[in-house]
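In this note's numbering, the protein residues as written are 18 to 642.
Next comes the structure, spelled out in structure tokens:
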């Protein structure tokens, strides 16, 4: 550093050398003149003798001349400190390089690649350069225009951001989410949403264009710059927007441009103010998507339906500019007329049919078929179907119409008594079932109910699904017929003989049958005599003669002690068999004892003892039961 400071005042240029030479010549001329002058007085000589020159061997230079020399150097030469940005002049151009003069000891060389943004660079142009290296190994001054431009660019960008200035930038290319813009040599990001006030569909149209921008954000940590062109447009239309909003009135018709199309509606640009036309306000007819009616950039007239207090949310309408289709509906259409239409909407309760554009009628699911069992509208029609229907109701004031399809075919209940009299047998398809029974379709429009108790003579059914499935074909008999209520009561078991009539004789009281214990339950056991008859054995009737009880899987004889055909209840007992045998043995013993007594003619006391013993035995047997 000391060496640098020492060398700064001394600049080896031609002018400096010439000035120094002039000083020396002047000194020599002065010396020669002194030699030629007459001998001076010694006292005067000593007073005027230059002792500094005698001691240092150099002539003292006047301070004013030194100051003048330093001023000249500072005005014409650059202090070539490293990493310093200075102005330079292009003095020569080659095919690859530019020679730049910055008023230093030597010129610097910069590649033309750093001037690619400026193809019109010529000799004499002033450019900003950074002194990269003051003197390299070969003594050459190394300059950089790119680095200087970047440093100056950040200063200019920061100033533009702080002062909210408008800057000019070159759109270089597209990128994800926006564009890359060259601003002062810095690559800034232009988001897609900040290009224009309306959505951009073709980003490529802006590439290689110079546009004006506003610096909206700078991230110094990551060296990111965000610019906006939209901000300039918004500033221009803000005044126009205020003027338009102040003049808005309900019912006013304005011209607008379709700005954006969504699934729920269309945004219209009214000249700086956006309004929304909901999908239901686009057309009197039902539409699936707004693009069926309008397209982007389309000019059209809309009417103002409503807006909020600040008039920032404006509701517009398009269909309101046309006459309501109901007002144009032909007066010839009346109740009972046959009409043709297209299915536009299907709901659980029915289908909406458009008979003319904007005029719809509802076909309730109950009016689609004469059938009474529960079905949905999807079973009969689908969206887009062309159907014929009959007008059932028509209210022009409330703009409502109900239609029917089943009215196009005869009512099957008209001659129901002839086709399905009580006692007649038919076949039908199981359409549905509930906890209490099965709904059977005999034909289209004729449904009947089979109660769960009328499904089987013998099986105890808890739910109809145990017996049938939807789609099964069953043979039934008409049990009851209610014409006014449109109800049919059907029975399936009635189509076969009641096996309990036969079982009433086969399993009569006191009859004995051999069977196996099927299941042990809480209060006894169950036994299966056949596929239809399942009997119950109470706990006390399971006791065997040896005092033990029958177990599951054990075979034995059982006596029928209860048979109820109506309730299909059969109760059996094993204990009753040997109890009855025991009673018979007691009676036989009594008879034999009486006979013996008669023969022996026993005394009265002996007879009483024998009778008492028999009596005690019989009482004991009775107590065991």
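Glycine is no exception: its CB is placed at the ideal position from the N, C-alpha and C atoms.
By the criterion of at least three beta-carbon pairs nearer than 8 Å, the region 554-564 is not in contact with the region 497-513.
Excluding sequence positions up to five before and after residue 536, its CB lies within less than 8 Å of the CB of 542, 543, 569, all in the same chain and listed in chain order.
Counting other Cβ atoms within 10 Å of its Cβ, residue 443 reaches 16 or more and is therefore classed as buried.
Bridge pairing for residue 332: 293, 323 [DSSP]. For the pair residue 292 and residue 333, the CB atoms are nearer than the 7 Å cut-off. Take the alpha-carbon of residue 180 and the one of residue 145: they are about 23 Å apart. The continuous stretches of beta strand (DSSP E) do not include residue 169, which lies in the alpha helix (DSSP H) extending over residues 162-180. The three-state reading of DSSP puts residue 312 in coil, since its state is none of H, G, I, E or B. By the Cβ criterion, the region 310-317 is in contact with the region 271-279, since at least three pairs of Cβ atoms, one from each stretch, lie closer than 8 Å.
For residue 209, the secondary structure class from DSSP, reduced to helix, strand or coil, is helix. Contact between residue 321 and residue 269 holds: CB atoms are separated by about 5 Å, below the 8 Å threshold. Shortest Cα-Cα distance from residue 358 to any of 553, 213, 377, 102 involves 377. Around the CB of residue 427, fewer than 16 other CB atoms lie within 10 Å, so the residue is classed as exposed. The beta carbons of residue 492 and residue 508 sit no closer together than 7 Å.
Between the alpha carbons of residue 260 and residue 266 lies a distance of about 13 Å. Counting of Cβ neighbours within 10 angstroms places residue 161 among the buried residues, the total reaching 16 or more. From the listed residues 177, 449, 401, the smallest Cα separation to residue 229 is found for 177. Listed in chain order, the non-local C-beta contacts of residue 191 below 6 Å within the same chain comprise 220, local neighbours out to five positions each way being set aside.
Distance from the Cα of residue 425 is smallest, within the candidate group 433, 380, 393, for 380. Its chain contains 106, 107 as the residues whose beta carbon lies nearer than 8 Å to that of residue 142, once the 5 sequence neighbours on both sides are disregarded; these appear in chain order.
Out of 416, 209, 463, the CA that lies nearest to the CA of residue 222 is found in 209. Inter-residue distance for residue 489 and residue 374 is about 44 Å (C-alpha atoms, whole angstroms).
For residue 461, no pairing in a beta bridge is given by DSSP. Between residue 579 and residue 588 a beta carbon distance of about 4 Å is seen, short of the 8 Å cut, so the two are scored as contacting. When beta bridges are read from the DSSP output, residue 490 appears opposite 446.
If the five residues before and after residue 511 are omitted, its C-beta is found closer than 6 Å to the C-beta atoms of 494, all from its own chain and listed in chain order.
Exclusion of the five residues before and after residue 195 leaves 206, 207, 208, 209 as the residues of its chain whose Cβ lies within less than 7 Å of its Cβ. Bridge partners of residue 504 according to DSSP: 499. The Cβ neighbour count for residue 355, taken over all protein chains shown within 10 Å, is under 16; the residue is labelled exposed. With respect to the 7 Å criterion, residue 454 and residue 437 are not classified as neighbours on the basis of their beta carbons. Approximately 18 Å separates the beta-carbon atoms of residue 131 and residue 173; this is outside 8 Å, ruling out the contact. Look at the region 192-275 and you find these whole runs of alpha helix (DSSP H), each 4 residues long or longer: 247-263. With 16 or more other CB atoms across the displayed protein chains lying within 10 angstroms of its CB, residue 592 is buried. Cβ contact annotation for residue 234 (same chain, cutoff 7 Å, sequence separation greater than five): 243, in chain order. Excluding the 5 residues flanking it on each side, residue 540 has same chain C-beta neighbours closer than 8 Å at 555, 556, in chain order. For residue 586, the three-state secondary structure derived from DSSP is strand.
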